[in-house]
Each structure stands twice: as C-alpha cells, then as structure tokens.
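Per UniProt numbering, the sequence shown starts with residue 1, numbered consecutively.
All residues carry an ideal CB built from backbone N, CA and C; glycine is no exception.
Quick caveat: nothing in here was measured; it's all calculated off a predicted structure.
A quick write-up on the structure given underneath.
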Amino acid sequence: MHYSHLWFASLILGTSLAANNLASNIVDLKYASYKGLKDHTQGVIQYYGIRYAEPPTFDHRWKAPIPVAKFPSSNPPMLNATSPGPQCMQVIPPWQTAGIASIGMDPSSYSASKNLHSSEDCLFLDVLVPESRKSSSLPVVVMIHGGGYVIGKKTESDGTGFVSASNGSVIWVQIQYRLGPYGFLAGGEIQSEGSSNVGLLDQRAALLWVQENIHHFGGDPSKVTIWGTSAGGGSVTMQMMLNGGDPNPPFRAAISEYPWWQSFHGEETIENQYRSLLQAAGCQSLSCLRNISSESLLNASLSSYGSAYMNGDFGYGDYFFGPTVDGTIIHGLPSEEFSSGRFSKVPLLVDHNSLEGLLFSNFSITSQFESSFNLQRLWPKWTPSFISRLLELYPDRKYTGSYYDDRALQSYSRLLPTLKNNTAFFKTQDIFGDFVINCPTYYVAAAVSDAGVPVWKLRFGAGTEVHGATDPYLRKASNSTDNPTLSRQMKEYFLSFILYLNPNHLTAVSKPQWPNYFDKNNTFATLHINQTSIWAGQDWDVSANCDFFKGQTSVLLNRGTAFVNWVAH
C-alpha cells in the first residue's frame, strides 16, 4: 500500500469537511461522528476513546485485531468522545509492588489503581487537535505508551501539553494495545490457532486506522511520526522490524525513547507461560481459554504470573511477557535484525536517561552475593565465565568517591539511606540499565546510520535522571517543570524532528546544535544534557560493556537450538 495515495485522497475528500467539523468539535468519519472536548486553556480539542478495532474478546482472544466495522451512512451515529474509555487488562509483577513498598508507597493502592476501569475491550485511541492550526493538513504523532508490555494506558503519555506548545503545528494520537498474556502469550498452540505478538498487531492496526482517518481531523497521513517511551520505545523498534522491515511502513519517522529490550524468551519458557495459564484457568486447550469469562481469565493471569515469579521463571526488573520471535511478525532478535538491516529505513531520534536501571534494581541489595543472585534470576542460562567477565566490566572501584557526587544519586540516598555508597546496588543498576536500554540505543543508532538514514541520539541526565526522566520536559507545560528553559529546548528539538525530520530546523529557542549520530568525523556523536548544560560529545554506550552484551545472545536472550527449531516450524 502506498500511503501517499491516501494522503492525496484526503486532500480531495477531507480537508474542507474536517475544517468545518473541527470548528464545532465534531468530526465525521463517515461511519460515525464524534464529538470531542475543547480545552480552551491549552488550545486543544480532545477526542477521547475512539474505537479502532473490534473487541478482542472470547473467540477473538490471541488473534489479530479486526479493524472497526465501517458502514458508510448518510446519517452516521453521533458518539461522545469525551471519556478515555477503559484501559487494557493489567498484570503487575510482584517485584514492582515490593519495590514500591520499600520507598514508602502503599503497594495495594498502586495495584488497585492500575486495575481500575480495565477491560478486554480496550482497543481505543485518542486524537488531540490544536484549536488554531497553521495548516489544513498537519504532521501527526502516534504515541505508544510504555509499561513493560504488561501495564499502562494511553493517557499516561498524554500529548495535550506538547500539542499546546506546538502552536498549531501538530496533531497527536495516543493508542492502547493488549498487554501481558492478553497481548503477548505465545507458544505452539497459539501460533497454529491464532497469532503471537497480537499487542504489536494492535499497534499496527491503530497506525493503519490513522492512515485511513486522520485527514478527517486535519492530519496528513504521509507525515506520521511514531513515538514511544520505555516498552513504547521498544514497540517503536518492533514496528520498524515488523514483517522483516516493511519498505513502506505507515509512518515516515520514529522516536524511540529509552527503548525497553528485555530478554526474548526461548521455546521452553514460552511454552511454560502458556501451560501455566492453562493450569491456572483449569483449562486444557486454547479453545477453553477463549471461552472462559473475563474475570476467570484475569484471575488465572494474575495467579500464573505470581507463581512464575515465585518459581524463579523471571527475576527482579523483568516483566516476563513481551514480544517474541515467531518467524512471521518478528523474524529475529532485535540486535540481529537491526545489525542485518532488516528494518524499515526511516529517520530516527533515540534517547535514554542516565540512571535507567535504578527503578528496576532491588533496593534491598547490599552485597555482591545479593547482586549476583538477582542477575542470575534475570539470566537463567548464566555461566561462571559470563558472571566473571561481567564483574570485570563493572569493577567495584567505579562505585566509589566521585561516583556519588551526582545530584540525583545524593537525593536518592537521602530518600533511602541504604543506597548511600552502596556499591553492590549501583553496580546492579548499571548492568541492568546497560543491558535493557542503554546498549540497545547504541545498537539501533549504529544500524540505522549504517543504512544511510539520519539518526540523532540523546543521553539525558537532568531532572530525576531515572527511567522516564524526559517525560515532564516534553509533555507538561514548560513553566510547570523544574527547568522551564530546558523544557522549551527539548520540545523544540522534538517538534523540529516531527515537522522537518531534523531536530535543528526550528531555532526560535536558543540551544546547541544536535549533531547527527555519524557526523563528518564518524564519531558516534551524541547530545548530552544535564541540569545546567547541553553539549555534543561521544556516545558513552560505544563501549566494551555493550559489545560484551551483544556477543552473549545465548545467555542474555535465553535462546537455544530448541528456540530456533520452534520458530522454523
């Protein structure tokens, strides 16, 4: 499909109609009309809870999403688009609630809030449109939320603040997709009677909905940028890899923020996930799982998830469920697919924060033994030589003296005194952060650059410095952040990339040039930001540490001969 054809059709059919309807916050999609909310304070019209696919319930569980039924009508129904609708079903790993308790939060209230207003019928999206637009056909952002592929919702990545700051130059779409066992259950029976990776297929279905419908809102389907954070950032890279790398994907650019690349499990683990869910549900077949009630399926999901953690099937920091290599949707492991050039060739902006592993490391760690125990649960196929080399790459001497001068580390040590000068903990957080996020940004940036496609990379060390630290600077009102100047600079970099495929095109805000990753000196140039400065320098992830991880596929990704054989079938 050539998406430029859809764009041309939108100019003929949709522009004037969209402009008229948006003036009264009503959009006519031909099969239904939606009435949105006007936020005059932000200057944004918000259309919440628009269905993009049929409910993936009962017989449609673990199958590709079915696009929303469209029956053109001269008198389409009028629907309120004023409520976000339910979030997708959530499963929260036990280690996460334990970590919350250790910093003084009530884990039961967190768990309850995460499961509030959840439903299997959750394939909805929101469209945020500026009230005053610079053009009748605006570039579009499609935001994919994070949450480790097991929790999260579209409104957690709300783009109202970004659209407001764009001065009428961009439309924002935020989407939901199936999570945990609902979206990423795999195995032989799933593969033969349905589909694995249906969460990724949901995302692609939402992108196709945007291609077909965004012109009604005044958006340009030929100028779509996909943007995601954490598992959403990982999803962005998965969308680039989908089907072996579509040459003509439904997006023209990608923003992958702190992409979450946890272990891709092998056949044995994947089959155990499936069998455990069957057992917890009292079922013996996929057909049975498709016929039980929503409540029974949720209870079975929570039970099998908790049991898997207690049995040591996954460790602290791992969410267990996520994309898998199935040979159809995802052809191979991410590092291998990117290094082999099997991905969609679109301009890329990629970043990570400076303390990516902190929130995913056990706060109770105080010794090297405890650190090694946690890492061994993370990587069940560890070997003594692997652990030995790992400790050489992260020597104790690094975590002394000036290492703790960092402003954020001092703050966290005051909050949790056990972290003060805690070599074992900070070594663990460094290892985890490098493995899951930091090194993948290097692998992706280098691969896309090698393909001759422009890439810009950022290392962010301001604010909290932990996973998600960029969020308030990009999506909140700048004056509400702790550094309004930095927030305005960040927004202009990202907006410039979305509008012009170059973060340096807009210059209304004073800020340094963001160098292309492979500049004229081929230096792996990266933009570095801390609380007081912005500067260009080397990519710190181009290191022996990341090269080591990339060479340890059999240990880190739990991939063995059986895994290859299963995919081949």
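When the Cα atoms are used, Arg407 and Asn530 turn out to be separated by approximately 10 Å. The C-alpha of Ala64 lies about 14 Å from the C-alpha of Asn243.
Tyr309: member of the alpha helix (DSSP H) spanning 294–310, first to last residue.
Residue nearest to Ser344 within the set Gln239, Trp261, Phe373 is Gln239 (criterion: CA-CA distance). The residues Asn353, Ser354, Leu355, Ala408, in chain order, have a CB closer than 7 Å to that of Glu465 in the same chain once the five nearest residues on each side in sequence are set aside. Buried is the label assigned to Phe460, since at least 16 other Cβ atoms lie within 10 Å of its Cβ.
Non-local beta-carbon contacts of Val140 in its own chain, meaning distances under 8 Å to residues more than five positions away in sequence, involve Val170, Ile171, Trp172, Val173, Val210, Ile214, Gly219, Asp220, Pro221, Lys223, Val224, Thr225 in chain order. Judged by pairs of C-beta atoms under 8 Å, the region 225–234 touches the region 255–263, as three or more such pairs exist. Between Ser276 and Ser304 the beta-carbon gap is near 4 Å, inside 8 Å, which marks them as a contact.
The criterion of a C-beta distance shorter than 9 Å is not satisfied by Val142 and Pro259. Distances from the CA of Leu359 to each of Ala308, Asp430, Ser157, Ala525 were compared; the closest alpha carbon is that of Asp430. Ranking Gly312, Asp471, Arg290 by CA distance to the CA of Asp59 puts Arg290 first.
In the displayed model, Ser118 falls within a strand according to three-state DSSP.
Following the DSSP letters along the chain, one finds Asn504 in no alpha helix (DSSP H), marked with neither H nor E.
For Ala424, the number of other beta carbons within 10 angstroms of its own is at least 16, and it is reported as buried.
Less than 9 Å separates the beta-carbon of Phe264 from that of Pro334.
In the three-state reduction of the DSSP assignment, Gln87 falls in the strand class, which pools E and B. Going by beta carbons, Ile26 and Val129 fall outside the 9 Å limit. Just measuring C-alpha positions, the residue of Gly168, Phe251, Asp158 sitting nearest Gln203 is Phe251. Per the coordinates, the alpha-carbon of Ala69 lies some 19 Å from the alpha-carbon of Gly85. Of the candidates Leu349, Phe217, Ser136, the residue whose Cα lies closest to the Cα of Asn502 is Leu349. Per DSSP, Trp379 is not a residue of any beta strand (DSSP E), being assigned neither H nor E. For Tyr399, no alpha helix (DSSP H) encloses it, and the DSSP letter there is neither H nor E. Segment contact: the region 408–423 against the region 305–312, fewer than three CB-CB distances shorter than 8 Å; contact not assigned.
Within a 10 Å sphere around the beta-carbon of Ile66 sit fewer than 16 other beta-carbons, which makes this residue exposed. Annotated three-state conformation of Gln211 is helix, per DSSP. Across the structure, Asn80 and Asp39 are spaced so that their CA atoms are roughly 15 Å apart. For Ser339, the uninterrupted alpha helix (DSSP H) run begins and ends at 334–339, by DSSP. Membership of Asn353 in the beta strand (DSSP E) is indicated by the continuous run 348–353. Burial is judged here by how many other beta carbons sit within 10 angstroms of a residue's own beta carbon; Cys546 has at least 16 and is buried. DSSP places Arg475 within a helical segment (H, G or I) once states are collapsed to three.
A Cβ-Cβ distance of about 6 Å is found for the pair Thr82 and Tyr48, placing them in contact under the 8 Å criterion. The beta strand (DSSP E) runs of length 3 or more contained entirely in the region 192–268 are, from start to end of the chain, 219–229, 253–257. For Asn291, the uninterrupted alpha helix (DSSP H) segment begins and ends at 286–291. Taken through DSSP and simplified to helix, strand or coil, Pro323 comes out as coil.
Excluding its 5 nearest sequence neighbours in each direction, Val436 has C-beta neighbours in its own chain below 8 Å: Trp260, Trp261, Gln262, Gly317, Glu356, Gly357, Phe360, listed in chain order.
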